[in-house]
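Colleague: My structure is below; once you've seen it, I'll send some questions.
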Amino acid sequence: MDPGKDKKLFVLVQKPKPSRKMRSLAVLTRNFVQLLQEVGNTALDLRYAVETLCGHKRRIYDITNVLEGAGLIAKISKNHVKWIGGDDAQEVALKSELEDLDRQELMLDQEKLFVEESIRSMREGCTSLAYVTDEDICNCFSGNVPSLCWIFYVRRFVCVAA
128 MDPGKDKKLF VLVQKPKPSR KMRSLAVLTR NFVQLLQEVG NTALDLRYAV
178 ETLCGHKRRI YDITNVLEGA GLIAKISKNH VKWIGGDDAQ EVALKSELED
228 LDRQELMLDQ EKLFVEESIR SMREGCTSLA YVTDEDICNC FSGNVPSLCW
278 IFYVRRFVCV AA
């Protein structure tokens, strides 16, 4: 018997190890929440999540504890959790509303600047037209009106006899 024929070669098949960045807690949490939302109203088996996300069981349990504390998931049993937080449709609607409100705010800010500029230019541009002479006032009262006119200047009253 040939000793080489009886030996069997065992090869361990390992899943490719994700990079350090992909193993971060933030990425793992984001993927876990996405997995929870994909299963919908059914319970998610945490053992399946560990296999799917290539994460350590302890880190998955840490994530579930935080999400449960925030009121986003509920533990059904020891290894099963269910998503009870908001859904994507609500988030999309709120983001859309926020974008609309941002556009309205920008438009109102532009209109406010336009009105302020209009008021400033009116105030500065019409100062030469705001002067009224005593003759202008007295000419308004020709006829049977008394011949005494009161004119208000910037800081005093001046009595003008016609």
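Numbering (my numbering), first residue to last: 128 to 289.
C-beta atoms are modelled at their ideal positions from N, C-alpha and C, and glycine is treated no differently.
Predicted, not measured: the structure shown is a model, and the values here were computed from it.
1) Do Val208 and Lys202 have their CB atoms nearer than 7 Å?
2) Using C-beta distances below 8 Å, list every residue in its chain close to Leu162, excluding the 5 sequence neighbours before and after it, in chain order.
3) Taking only three categories from DSSP, how would you classify Ala201?
4) Assuming Ile190 contacts Thr156 (C-beta within less than 8 Å), just tell me the rounded distance between them.
5) Classify Val242 as helix, strand or coil using the three-state DSSP reduction.
6) Would you list the residues sitting across from Asp172 in a DSSP beta bridge?
7) Apart from the five residues just before and just after Arg174, which ones in its own chain have a Cβ nearer than 7 Å to its Cβ?
8) Buried or exposed, going by whether 16 or more other CB atoms sit within 10 Å of the CB of Ile200?
9) Relative to the C-alpha of Ile187, which residue among Glu262, Ser245, Ile211 and Phe159 is closest?
10) Rounded to whole angstroms, what's the CA-CA distance from Leu233 to Lys184? Just pull it up for me.
11) Chain B beta carbons: is any one of them nearer than 7 Å to that of Arg157?
12) Buried or exposed: which applies to Gly182, given that a residue is buried once 16 or more other Cβ atoms fall within 10 Å of its Cβ?
Modeller: This is what the structure holds:
1) Using a Cβ distance threshold of 7 Å, Val208 and Lys202 count as a contacting pair.
2) Closer than 8 Å at Cβ, skipping near neighbours: Leu171, Ala176, Thr179 and Leu180.
3) It is a strand residue.
4) At roughly 5 Å, the Cβ-Cβ gap stays under 8 Å, so Ile190 and Thr156 are in contact.
5) When DSSP states are grouped into helix, strand and coil, Val242 belongs to the helix group.
6) Bridge partners of Asp172: His207.
7) Cβ within range, chain order: Asn206.
8) The residue is buried, with at least 16 neighbouring Cβ atoms inside 10 Å.
9) Looking from the CA of Ile187, the closest CA among Glu262, Ser245, Ile211 and Phe159 belongs to Phe159.
10) The alpha-carbon separation between Leu233 and Lys184 amounts to approximately 48 Å.
11) Protein chains in the displayed structure number just one, and chain B is not present.
12) Gly182 should be labelled buried.
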